[in-house]
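Visitor: Just so you know, we're using this note's numbering here: the sequence shown kicks off at 340 and counts up by one. Glycine included, each C-beta is placed from N, C-alpha and C at the ideal position. Just so you know, these numbers come straight off a predicted model, no measurement behind them.
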Amino acid sequence: MTRAAAPPLTGEVNAYEDELARYLGVTDVVAVSSGTAALQTGLYAAGVRPGDRVIVPALTVVMTVAPVVALGAQPVFVDCNDDGTDFDLDDLTTHLDDAAAIVPVYLWGRAPDSDAVHHLAARRGIPVVVDACQALGTMIGRTHAGLDATVGCYSTHQLKLLSTGEGGFLATDDSEIAATARAYRSHWLPPPPQSAPASRIAHNFRLAAPLAALGRAELSGLDEQISWRTEQTLLLIRLLAQVKQLEALVPPRQRWNHYAPVFRLHLDRPRAFSEHLAALDIPVPNSTGTFKLIPLDQRPMFADETGPRCTTAATVLDTVLAIALTRADDHTRIAQYAAIIEQEVHRWVDA
Ligand SMILES: Cc1ncc(COP(=O)(O)O)c(C=O)c1O
């Protein structure tokens, strides 16, 4: 595919986008400087403007909601289902009126087990902008996770399966959204059809050309990285299979990218246990213990007089151990993690 390069961009970025689009089976990819920028650009291109209400799960990282707030929109937090893979559909339905967008988040690489959200959104004409920042490589049937939506947004931060150090991209089959996104990432240059150059205030969310070159090299090894992460995750799950206080949560009906091994903890004070693991001599890095993940509606900046409402999200985060693996974690390291977790579970139970 040939395409005129925007003035500040280079052929390297165009080639990276074209190769990603081919890999993902979409018409358009727009490379940007981070996953956060991908979400902000995707939301803007999907029509989100100041004052709009945007549905965000309580069960996610702050990076999902920051772009919503940056656009001047109002996040509306919705609770999750019991295993945290989807919205609580009843709660979602009661918040859909006047929503300008829905932002499902495929945390730990896990996609939902049904497309109920897409049906609800389609019936009301609400765009769905998926935060698939952790989910590159997860597939539902033949579709890449995040691409059954209006826009899918991905991060290529250094911990991701495809890494450019910092970076991200959005993917869509909607050419108007893609044109608006290309304009928004680069000071409205080039403008979308029927719009004048630099006629709107936008951003510099461009991906630097050397990072695009790195992305192209990474993309050629992406399937290998997904296989490696799958091997790492399945090894940890297998090594811990006899520990009855740990229940491995494996999402059904998808090719999961195995981004992070996830266990439900059947222990007293499970969050304290995750924090304890994160603080050991060889820390076992995990979402709640290391990164202090709490539901968005519990974060002080979103607190209001009614208090946190998303109780299932709170329970999931309090009771789940999601290990943050890296590509450098070899079999020896993973065996160390497993041994530490097993030993500390037994100590916790005996204490
Ligand atoms: C679920 C999720 N959303 C958004 C982001 C933001 O991506 P980035 O760090 O590339 O801005 C991340 C990155 O860690 C993420 O994991």
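#1: Do the segment 586-602 and the segment 566-574 make contact, defined as three or more Cβ pairs closer than 8 Å?
#2: Can you list, in chain order, the residues of its chain with a C-beta nearer than 7 Å to that of R539? Leave out the 5 residues immediately preceding and following it.
#3: Roughly how many angstroms separate the alpha carbons of W687 and L606, rounded to a whole number?
#4: Which of the three DSSP states is assigned to N353 in this structure?
#5: Taking all protein chains shown into account, decide if R610 is buried (16 or more other Cβ within 10 angstroms of its Cβ) or exposed.
#6: Please return the same chain residues whose Cβ sits closer than 7 Å to the Cβ of A617, not counting the five positions on each side in sequence.
#7: Contact between the segment 381-392 and the segment 493-507: three or more CB pairs below 8 Å?
#8: Cα separation between L585 and I633?
#9: Out of E563, L435, R555, G464, point me to the one whose CA is closest to D357's CA.
#10: Starting from the C-beta of Q675, find all residues in its chain whose C-beta is less than 7 Å away, skip the five residues before and the five after it, and write them out in chain order.
#11: Note down the Cα distance separating T338 from R521, rounded to an integer number of angstroms.
#12: Should V655 and C419 be called a contact, given that it needs their Cβ atoms to be closer than 8 Å?
#13: When the Cα of A474 is compared with those of D454, Y445, L459, which residue comes out closest?
#14: Please tell me whether, using a cut-off of 7 Å, the distance from the CB of V582 to the nearest non-hydrogen atom of ligand 1 is below it.
#15: Does ligand 1 have even one heavy atom less than 7 Å from the beta-carbon of V444?
#16: Does the segment 532-547 come into contact with the segment 390-406, if we say contact requires no fewer than three beta-carbon pairs (one atom in each stretch) closer than 8 Å?
#17: Determine the closest residue to D452 out of P591, D636, T482, with distance taken between C-alpha atoms.
#18: Considering M675, what are the terminal residues of the beta strand (DSSP E) in which it resides?
#19: Taking three-plus beta-carbon pairs below 8 Å as touching, is the segment 647-662 in contact with the segment 400-409?
#20: Quick one: what does DSSP say I516 is sitting in, helix, strand or coil?
#21: Keeping to the same chain, check which residues put their C-beta closer than 7 Å to that of Y362; ignore five residues upstream and five downstream.
#22: Among A547, Q593, G480, which residue has its Cα nearest to the Cα of Y355?
#23: Got a sec: does ligand 1 put a non-hydrogen atom nearer than 7 Å to the Cβ of V400?
#24: At a cut-off of 7 Å, would you count C472 as near ligand 1, judging by its Cβ distance to the nearest heavy atom?
#25: So, does the segment 374-384 touch the segment 464-483, judging by three or more C-beta pairs under 8 Å?
#26: By how many angstroms is the C-alpha of F612 removed from the C-alpha of K631?
#27: Please confirm whether E681 and A552 have their CB atoms less than 8 Å apart.
#28: Is V407 helix, strand or coil when you go by DSSP?
#29: Alpha carbon to alpha carbon, what distance is there between P531 and M340?
#30: Nearer than 7 Å: is that true of the beta carbon of G374 relative to any heavy atom of ligand 1?
#31: Mind checking which residues open and close the beta strand (DSSP E) that includes T511?
Guide: According to the structure shown:
#1: Yes, since at least three Cβ pairs between the segment 586-602 and the segment 566-574 fall closer than 8 Å, the two stretches touch.
#2: Cβ neighbours of R539 beyond the five flanking positions: W527.
#3: When rounded, the distance between both Cα atoms is 8 Å.
#4: In the structure shown, N353 adopts helical secondary structure according to DSSP, grouped into three states.
#5: Within 10 angstroms of the beta-carbon of R610 lie 16 or more other beta-carbons, which makes it buried.
#6: V623, P624, N625, G628, T629, listed in sequence order.
#7: Taking a contact to require three or more Cβ pairs closer than 8 Å, the segment 381-392 and the segment 493-507 do not qualify as touching.
#8: Going by the C-alpha atoms only, they are around 21 Å apart.
#9: Closest by alpha carbon: R555.
#10: Closer than 7 Å at the Cβ level, and outside the excluded window around Q675, lie I621.
#11: There is simply no residue 338 to check, as the chain begins at 340 and stops at 690 in what is shown.
#12: Against a cut-off of 8 Å, the Cβ pair of C419 and V655 comes out as a contact.
#13: Of the listed residues, the one whose Cα sits closest to A474 is Y445.
#14: Checking every heavy atom of ligand 1 against the Cβ of V582, none is found closer than 7 Å.
#15: The closest heavy atom of ligand 1 lies less than 7 Å from the beta carbon of V444.
#16: With a cut-off of 8 Å, the segment 390-406 and the segment 532-547 do not count as touching, because too few Cβ pairs lie within range.
#17: Distances from the alpha-carbon of D452 to those of P591, D636, T482 put P591 closest.
#18: Per the sequence shown, residue 675 should be read as Gln rather than Met. That residue, Q675, is in no beta strand (DSSP E); its alpha helix (DSSP H) goes 670-689.
#19: No, they do not touch.
#20: Look at I516 here: in three-state DSSP terms it is helix.
#21: Around Y362: L558.
#22: Per the Cα distances, A547.
#23: Answer for V400: yes, Cβ within range of ligand 1.
#24: Yes, the beta carbon of C472 sits closer than 7 Å to at least one heavy atom of ligand 1.
#25: With the cut-off at 8 Å, the segment 374-384 and the segment 464-483 touch.
#26: For K631 and F612, the distance between alpha carbons rounds to 12 Å.
#27: Not closer than 8 Å, so no.
#28: When DSSP states are grouped into helix, strand and coil, V407 belongs to the helix group.
#29: With a pLDDT of only 46 at M340, under 50, the local geometry of the prediction cannot be trusted, and the value read off the model is given with reservation. In a straight line, the C-alpha of M340 is about 19 Å away from that of P531.
#30: At least one heavy atom of ligand 1 lies less than 7 Å from the C-beta of G374.
#31: Residues 507-511.
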